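*Asks:* Residue numbers (the working numbering): 25 to 151.
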Amino acid sequence: GRIEGLEPTRTLGDFDVKLQTKPGVISIEPDVRCHKLGDGSTIAQAILICATDGVWDEISGQDICDIIHARSEITAMQMAMMKGGPVPLATSRPLKDLAEDLVQFAVARGSGDDCTAVVALVSVAPA
Numbered sequence: 025g026r027i028e029g030l031e032p033t034r035t036l037g038d039f040d041v042k043l044q045t046k047p048g049v050i051s052i053e054p055d056v057r058c059h060k061l062g063d064g065s066t067i068a069q070a071i072l073i074c075a076t077d078g079v080w081d082e083i084s085g086q087d088i089c090d091i092i093h094a095r096s097e098i099t100a101m102q103m104a105m106m107k108g109g110p111v112p113l114a115t116s117r118p119l120k121d122l123a124e125d126l127v128q129f130a131v132a133r134g135s136g137d138d139c140t141a142v143v144a145l146v147s148v149a150p151a
């Protein structure tokens, strides 16, 4: 549904409309968090998951960690990246599968909100 005249998929833009809404309805302030990966002596990796509230309302961070740890194909992908060579695009399939599964799990748990997820593997070389 619409929120103050905006479709949820449009809430990343349309600042002129957002500035006309009641305070607290739609925020134009980004939620920014910074985390240091590793100590700089070895390759550091993280899996970044961006998802809509329809996913987060039904799936906890611990649920996601459990799902990731149970997937050997994600571990294999991380190991391939740690070897330093390029990772073929086809190798990214486990991340696509994870994103799709997170959405399906949220829907299966009863999410009535929009459910979208994007998953990325972030790898930082040693300093």
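Don't be surprised by glycine CBs; every beta carbon is placed ideally from N, CA and C.
Nothing here was measured: the structure is a model prediction, and the numbers come from that model.
Quick test of your reading: I98 and L72, contact by CB under 8 Å. State the CB separation rounded to the nearest angstrom.
*Replies:* I98 to L72, Cβ: 13 Å. No contact.
*Asks:* With C-beta atoms as the reference, is I83 less than 8 Å away from A130?
*Replies:* yes
*Asks:* Tell me the residue span of the beta strand (DSSP E) that contains L72.
*Replies:* From DSSP, the beta strand (DSSP E) with L72 extends over A68 to A75.
*Asks:* Roughly how many angstroms lie between the CA atoms of I67 and S147, to the nearest whole one?
*Replies:* 7 Å
*Asks:* Leaving out the 5 sequence neighbours to the left and right, which residues in its chain are closer than 6 Å to V143 when beta-carbon positions are compared?
*Replies:* I73, L119, L122 and A123, listed in sequence order.
*Asks:* Along the chain, where does the alpha helix (DSSP H) containing V131 start, and where does it finish?
*Replies:* R117 to A132 is the span of the alpha helix (DSSP H), which, as asked, contains V131.
*Asks:* Does DSSP put V142 in a helix, in a strand, or in coil?
*Replies:* If DSSP states are grouped into helix, strand and coil, V142 belongs with the strands.
*Asks:* Within a Cβ cutoff of 6 Å, which residues of the same chain sit near A75, ignoring the five residues on either side of it in sequence?
*Replies:* A141
*Asks:* Rounded to the nearest angstrom, how far is the Cβ of D137 from that of D63, given a contact under 8 Å?
*Replies:* Between D63 and D137 the Cβ distance is about 39 Å, and since that is not below 8 Å, they are no contact.
*Asks:* Starting from D90, trace the alpha helix (DSSP H) both ways and give me its first and last residue.
*Replies:* G85 to H93
*Asks:* Suppose contacts are defined by Cβ-Cβ distances below 8 Å. Is L145 in contact with M103 by that definition?
*Replies:* no
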